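> At position 23 of the sequence shown (counting the first as 1) the number is 23 in this note's numbering, and the numbers step up by one without a gap.
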Amino acid sequence: MPLLPILRYPDPRLKTPATAITEIDDELRRLALDMAETMYGAPGIGLAATQVNVHKRLIVADASETRDRLLILVNPELIQSEGSRVGEEGCLSVPGVYDKIERAERVVVGYLDLDGNRQTVEAEGMLSVCLQHEMEHLDGKIFVEHLSPLKQKRIRAKLLKQARVTA
Ligand code: NI
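1) Measuring from the CB of L58, is there a heavy atom of the ligand NI at a distance below 7 Å?
2) Kindly indicate the opening and closing residues of the beta strand (DSSP E) around A61.
3) Tell me which residues share the same chain as V94 and place their Cβ nearer than 8 Å to its Cβ, disregarding the 5 neighbours each side in the sequence.
4) What does the alpha-carbon distance come out to for the pair P43 and I101?
5) Using a threshold of 8 Å, state whether the C-beta atoms of V129 and L78 are closer than that.
6) In the structure shown, what three-state DSSP assignment does V94 receive?
7) Note the first and the last residue of the continuous beta strand (DSSP E) segment covering T120.
8) What's the C-alpha gap between R69 and D62?
9) What is the DSSP secondary structure of R103, reduced to helix, strand or coil?
10) Select from N75, G46, P76, N53 the residue whose C-alpha is nearest the C-alpha of R67.
11) Per DSSP, Y111 is paired with what?
12) So is the beta-carbon of H133 under 7 Å away from any non-hydrogen atom of the ligand NI?
13) Relative to the alpha-carbon of Q162, which residue among G96, H146, G140, V121 has its alpha-carbon at the smallest distance?
14) Give the DSSP-derived three-state secondary structure of I155 in the structure shown.
15) Check whether the Cβ of S93 lies closer than 7 Å to any heavy atom of the ligand NI, and answer yes or no.
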């Protein structure tokens with residue numbers, strides 16, 4: 001299975017809102033597994049289809065230390081959120097940038113698994129943050145948009161410079 005290329009901020013395609021998945025077929029299962037492999041290979045703890053330029057509501061995540069608790073979420077939806085926490089976040093689409101972001105502490109997320117069965121996951125800590133972060137990608141939002149306009153401007157400039165150097 002190939003590793004998929006990951007779009008980098010400020011690529012405007014990252015702003016595309018993803019559409020709901022209406023059919024879970026082999027092509028989608030294949031995409032999910034390729035995304036999982038890409039996430040593990042990066043390495044990262046989550047990846048949204050938006051980041052690999054597929055604008056469908058699909059995310060993969062594994063925030064376990066053992067890296068063996070893969071979650072594949074089709075059409076994820078926030079059902080409940082509680083509390084707040086501030087923690088450092090990064091993103092595979094914004095390499096080398098980490099900053100403190102406020103998120104809900106605990107979330108319950110509903111989704112379909114790859115067999116089309118309705119599931120829910122209750123998450124706290126890193127997995128909770130990861131799911132919130134990845135669901136934002138599906139709405140075309142990147143974590144740096146929580147930061148001040150000045151910080152965003154600096155991050156943009158830094159990544160555009162990196163892109164020129166590596167091009
Ligand atoms: Ni991200």
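Every residue, glycine too, gets a C-beta built ideally from N, C-alpha and C. Predicted model, so just to flag it, every value in this text is computed and none were measured.
Reading from the atomic positions:
1) Within the sequence shown, the letter at position 58 stands for residue 58. No, the ligand NI has no heavy atom inside 7 Å of this Cβ.
2) One-based indexing of the sequence shown puts residue 61 at position 61. 58-61 is the extent of the beta strand (DSSP E) around A61.
3) What you label residue 94 is simply residue 94 of the sequence shown in a count that begins at 1. For V94, where only same-chain residues beyond five positions count, the Cβ hits under 8 Å are R8, Y9, I142, F143, V144, I155, L159.
4) Translated into positions along the sequence shown, residue 43 becomes position 43. Translated into positions along the sequence shown, residue 101 becomes position 101. Cα-Cα distance, rounded: 21 Å.
5) Residue 129 sits at position 129 when you count from the first residue of the sequence shown. Residue 78 sits at position 78 when you count from the first residue of the sequence shown. Their beta carbons are not under 8 Å apart, which means V129 does not touch L78 by this criterion.
6) Translated into positions along the sequence shown, residue 94 becomes position 94. Reduced to three states, the DSSP call for V94 is coil.
7) Position 120 of the sequence shown, counting from 1, holds the residue named residue 120. Segment 118-124, the beta strand (DSSP E) holding T120.
8) In the sequence shown, the residue the question calls residue 69 occupies position 69. In the sequence shown, the residue the question calls residue 62 occupies position 62. About 6 Å.
9) As a working note, residue 103 is residue 103 in the sequence shown. Of the three classes helix, strand and coil, the one that applies to R103 here is strand, per DSSP.
10) Along the sequence shown, read from residue 1 onward, the residue named residue 67 stands at position 67. Of the candidates N75, G46, P76, N53, the one whose C-alpha sits nearest the C-alpha of R67 is G46.
11) Sequence index remark: in the sequence shown, residue 111 carries index 111 (1-based). According to DSSP, which records beta bridges pairwise, Y111 is partnered with Q119.
12) The count along the sequence shown starts at 1 and reaches residue 133 at position 133. True, at least one ligand heavy atom lies under 7 Å from that Cβ.
13) Taking the sequence shown and counting its residues from 1, the one referred to as residue 162 is at position 162. Considering only alpha carbons, the answer is G96.
14) Here residue 155 is taken as the residue at index 155 of the sequence shown, counted from 1. DSSP places I155 in helix when its eight states are reduced to three.
15) To locate residue 93, count along the sequence shown from 1; it is residue 93. Yes, since a heavy atom of the ligand NI falls inside the 7 Å radius drawn around the Cβ of S93.
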